[in-house]
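In what follows, a single structure is set out as structure tokens and then discussed.
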Amino acid sequence: MNKKPEGHIAPYTYPAAGWGSLKQVAINLVRERVAGGNYKTLLKQNQPDGFDCPGCAWPDREHASTFEFCENGVKAVAAEATSKRVRPAFFAAHSVAELLEQSDYELEQHGRLTDPMLYDPASDKYQIIAWDDAFALMARHLNALPDANQATFYTSGRTGNEAAFLFQLFVRMYGTNNFPDCSNMCHEPTSRGLPGTVGIGKGTVTLEDFEHADTLLIFGQNPATNHPRMMNELRDCARRGATIVSINPLRERGLERFTSPAHPLEMLTGSTTTISTMFVQPKLSGDFALIKAVAKRLVERDDEALATGAPGVLDREFIARHTTGFEAFEQDLRAESWELLLAESGVPRIQIDQLTGIYIRGKNVISTWGMGLTQHKNALKTIQMLSNLMMMRGQIGRLGAGLCPVRGHSNVQGDRTMGIEEKPAKAFLDRLRKVFNFEPPREHGLDTVDSIQAMLDGRVKVFFGMGGNFAMATPDTPLTFEALRQCELTVHVATKLNRSHLVTGKQALILPTLGRTEIDLQNGVAQGVTVEDSMSMVHISYGINKPASDNLLSETAIVARLAHATLGSGKVDWLGLGADYAAIRELIEQVFDDFHDFNARVAHHGGFHLRVASREREWRTASGRAQFVPHAVDTDTPIHRARARHGERLMVLMTARSHDQYNTTIYGLDDRYRGVFGLRRVVFINKDDLALLGFRNGEHVDLVSVWDDDVTRRAERFLLVEYDIPRGCLGAYFPETNGLVPLHSTADGAGTPTSKSIPVLLERS
Numbered sequence: 001m002n003k004k005p006e007g008h009i010a011p012y013t014y015p016a017a018g019w020g021s022l023k024q025v026a027i028n029l030v031r032e033r034v035a036g037g038n039y040k041t042l043l044k045q046n047q048p049d050g051f052d053c054p055g056c057a058w059p060d061r062e063h064a065s066t067f068e069f070c071e072n073g074v075k076a077v078a079a080e081a082t083s084k085r086v087r088p089a090f091f092a093a094h095s096v097a098e099l100l101e102q103s104d105y106e107l108e109q110h111g112r113l114t115d116p117m118l119y120d121p122a123s124d125k126y127q128i129i130a131w132d133d134a135f136a137l138m139a140r141h142l143n144a145l146p147d148a149n150q151a152t153f154y155t156s157g158r159t160g161n162e163a164a165f166l167f168q169l170f171v172r173m174y175g176t177n178n179f180p181d182c183s184n185m186c187h188e189p190t191s192r193g194l195p196g197t198v199g200i201g202k203g204t205v206t207l208e209d210f211e212h213a214d215t216l217l218i219f220g221q222n223p224a225t226n227h228p229r230m231m232n233e234l235r236d237c238a239r240r241g242a243t244i245v246s247i248n249p250l251r252e253r254g255l256e257r258f259t260s261p262a263h264p265l266e267m268l269t270g271s272t273t274t275i276s277t278m279f280v281q282p283k284l285s286g287d288f289a290l291i292k293a294v295a296k297r298l299v300e301r302d303d304e305a306l307a308t309g310a311p312g313v314l315d316r317e318f319i320a321r322h323t324t325g326f327e328a329f330e331q332d333l334r335a336e337s338w339e340l341l342l343a344e345s346g347v348p349r350i351q352i353d354q355l356t357g358i359y360i361r362g363k364n365v366i367s368t369w370g371m372g373l374t375q376h377k378n379a380l381k382t383i384q385m386l387s388n389l390m391m392m393r394g395q396i397g398r399l400g401a402g403l404c405p406v407r408g409h410s411n412v413q414g415d416r417t418m419g420i421e422e423k424p425a426k427a428f429l430d431r432l433r434k435v436f437n438f439e440p441p442r443e444h445g446l447d448t449v450d451s452i453q454a455m456l457d458g459r460v461k462v463f464f465g466m467g468g469n470f471a472m473a474t475p476d477t478p479l480t481f482e483a484l485r486q487c488e489l490t491v492h493v494a495t496k497l498n499r500s501h502l503v504t505g506k507q508a509l510i511l512p513t514l515g516r517t518e519i520d521l522q523n524g525v526a527q528g529v530t531v532e533d534s535m536s537m538v539h540i541s542y543g544i545n546k547p548a549s550d551n552l553l554s555e556t557a558i559v560a561r562l563a564h565a566t567l568g569s570g571k572v573d574w575l576g577l578g579a580d581y582a583a584i585r586e587l588i589e590q591v592f593d594d595f596h597d598f599n600a601r602v603a604h605h606g607g608f609h610l611r612v613a614s615r616e617r618e619w620r621t622a623s624g625r626a627q628f629v630p631h632a633v634d635t636d637t638p639i640h641r642a643r644a645r646h647g648e649r650l651m652v653l654m655t656a657r658s659h660d661q662y663n664t665t666i667y668g669l670d671d672r673y674r675g676v677f678g679l680r681r682v683v684f685i686n687k688d689d690l691a692l693l694g695f696r697n698g699e700h701v702d703l704v705s706v707w708d709d710d711v712t713r714r715a716e717r718f719l720l721v722e723y724d725i726p727r728g729c730l731g732a733y734f735p736e737t738n739g740l741v742p743l744h745s746t747a748d749g750a751g752t753p754t755s756k757s758i759p760v761l762l763e764r765s
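Just so we're aligned: the sequence shown equals residues 1 to 765 in UniProt numbering.
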């Protein structure tokens, strides 16, 4: 039998998940050298007496299930439970320059960090530092700044509620609202867009609604890779006859066919479930025009029905009782050009008619979306247009229907709820002032992109990162590297080594922290941390594994000790709070009314649901009603301008995860559902574009982004892979292509990098 080459492209003909998924679970447990005794960790994942998955934010269907984990959840857990260690001796043997030569995958594979480390510029190596000395060093830097706004404090979505609340309290007492976070790079258009239509930037559905939905519209998502536990919900919906429409430039395997590892009979018989009834493939950045086209067709269908004496297709009662602005919105739809909508969406009129018909026939419709909708220049108005569409038929605020943004990291939504927000609401700051007897800063702070620019300008001199891989997650990679290197001090709290730790300020610290899977003992008492999932469920999580090192601190303890070292404990007993997370939860309930009786309610099986006003048709808008917001199709975007200069040679690139990846963490080099094995520097391209540009499938090219400045942004030597993707569109993995995203190419009104719509040219390598 001939062995396949290390890196190759081969069609993957199997369904998503199934035995291939279980095989990868075994491979990852071996690759990470997870001790056999720690295999039991998997059975405690997403369980009442266990821990929440440190991966995605999809909610748990049944906390008592014996099988509540997925392939990528296992990869996340295996990464924490690995027996591999990065000890001080490792850093003594490797300079930062040497480590920078390694790939992101190689850095990940070294294992868990064990001790706090201080960068020594003279030797270009990290050296061990005592925790007390590390906190004293950070406090000296922070207290030496003439203005608190010269420091910025990044938060990853894996940070639990207790650490996040304490973090924002410390930073605001220090004196700034500089809170860049991962929301700024993913779902910010959701958080900023929905308040303008339904009054709150959260989804309106729970898992119960999926049981009653007869139609699901899935925009810009690849759930089999990014939140695989969603697949069981989609499977159940499909098997009971719900219509599922996948709206995405790529036909992702998980939305075609799925075999559920949670159903033994399906595994044993090799049977599969067909997920999607229909696939719609808009061109990149075409979703806004597509959604507006469906809304326009809905008005036309309503006219046609009323003209024949039949009932209209709009929910006029809902519109009259619950909304404002419909007349102006309807007028805008009627005036819109079909020619423009078809050209901008890239979707044929017949498919728009079919999609409109499916939406009309749906009695209970859920619209769900991921970053395929949010990482564009027009992302905020796309979210608002989708909200408009759902309001036209009253599909918000009732059982089996609603808006369902699917967040990425496990507590990205909870962190925002806890106050990790560079633009805090006045009412929240007023409550902090009342509870803690200090005057919080009122000036809006820096988001992620603004923080990078401020570091470049010398306006920010200290960067503190609570988790994540800031240098690789952000856009314009060389510029971000330069920004971090301008700082006087960079600090990263982490479980494993990543590239951000190697892009140092003049001084730099790596602070190793406990993982979600590990026992967090404070004064001999095991502490639990809470998270809020994508559907506003709050539940508590307890680790079960022995910590990877005796010299690890929890994120909460790190924040408490840093606050104590910087501010002292005159106003807040930081060290006391760092030793008793229940006491932090008592403070949280004093600040947020929705968290009343926090400790008692979170102790209940499955936790509790945070009330979402729009789910109950309470509209927290200026008008007190849900608001229709008309938007024009933008025909003067960077893509339009670039195409005017370069014609048909201009391509539009989207970045995406591979299947062996979670955010910037690279678990392996395969993307098996897309048929890529052992490779990451690939670019997916339509076969007709290959012919147009004069390239051949399997050639290597460089990608050069086109922007309105004189900076050359290039990603070199990518393998062309013929793929089912719309004409004029390309796909490639991040973080390898993040450097092609100009720093200030962001979503209007939200600041999210436009990672799903990058104008580029291809040049032969």
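Cβ coordinates follow ideal geometry from the N, Cα and C atoms, glycine included.
Alpha carbon of residue i to alpha carbon of residue j, nearest angstrom
i	j	result
residue 274	residue 682	28 Å
residue 464	residue 154	6 Å
residue 247	residue 276	10 Å
residue 662	residue 468	11 Å
residue 710	residue 630	35 Å
residue 665	residue 105	8 Å
residue 10	residue 446	45 Å
residue 202	residue 436	27 Å
residue 94	residue 643	46 Å
residue 660	residue 71	10 Å
residue 460	residue 101	28 Å
residue 511	residue 229	32 Å
residue 142	residue 243	55 Å
residue 748	residue 529	35 Å
residue 501	residue 430	37 Å
residue 389	residue 241	23 Å
residue 190	residue 491	29 Å
Residue environment, residue i, which counts as buried when at least 16 other CB atoms sit within 10 Å
i	result
residue 597	exposed
residue 76	buried
residue 337	exposed
residue 146	exposed
residue 751	buried
residue 440	buried
residue 103	exposed
residue 65	With a pLDDT of 49 at residue 65, under the threshold of 50, the modelled position of this residue cannot be trusted, and the question is left open.
residue 213	buried
residue 115	buried
residue 714	exposed
residue 444	exposed
residue 564	buried
residue 703	buried
Span of the alpha helix (DSSP H) around residue i
i	result
residue 611	Segment: none, residue 611 is in no alpha helix (DSSP H) and carries neither H nor E.
residue 172	161-174
residue 105	104-108
residue 443	No alpha helix (DSSP H) holds residue 443; DSSP gives it neither H nor E.
residue 225	223-226
residue 559	555-567
residue 581	581-591
residue 382	379-392
residue 299	287-307
Beta-bridge partners of residue i, as assigned by DSSP
i	result
residue 125	120
residue 731	654 and 684
residue 661	666
residue 369	219 and 405
residue 14	According to DSSP, which records beta bridges pairwise, residue 14 is partnered with nothing at all.
residue 246	218 and 279
Beta strand (DSSP E) segment containing residue i, residue limits
i	result
residue 705	700-705
residue 402	402-405
residue 541	537-541
Whole runs of the beta strand (DSSP E) within the stretch 488-528, excluding any shorter than 3 residues: Qualifying beta strand (DSSP E) stretches, in chain order: 489-494 and 507-512.
Runs of alpha helix (DSSP H) lying entirely within the stretch 424-486, each at least 4 residues, in chain order: You should have 426-436, 448-457, 470-473 and 477-485.
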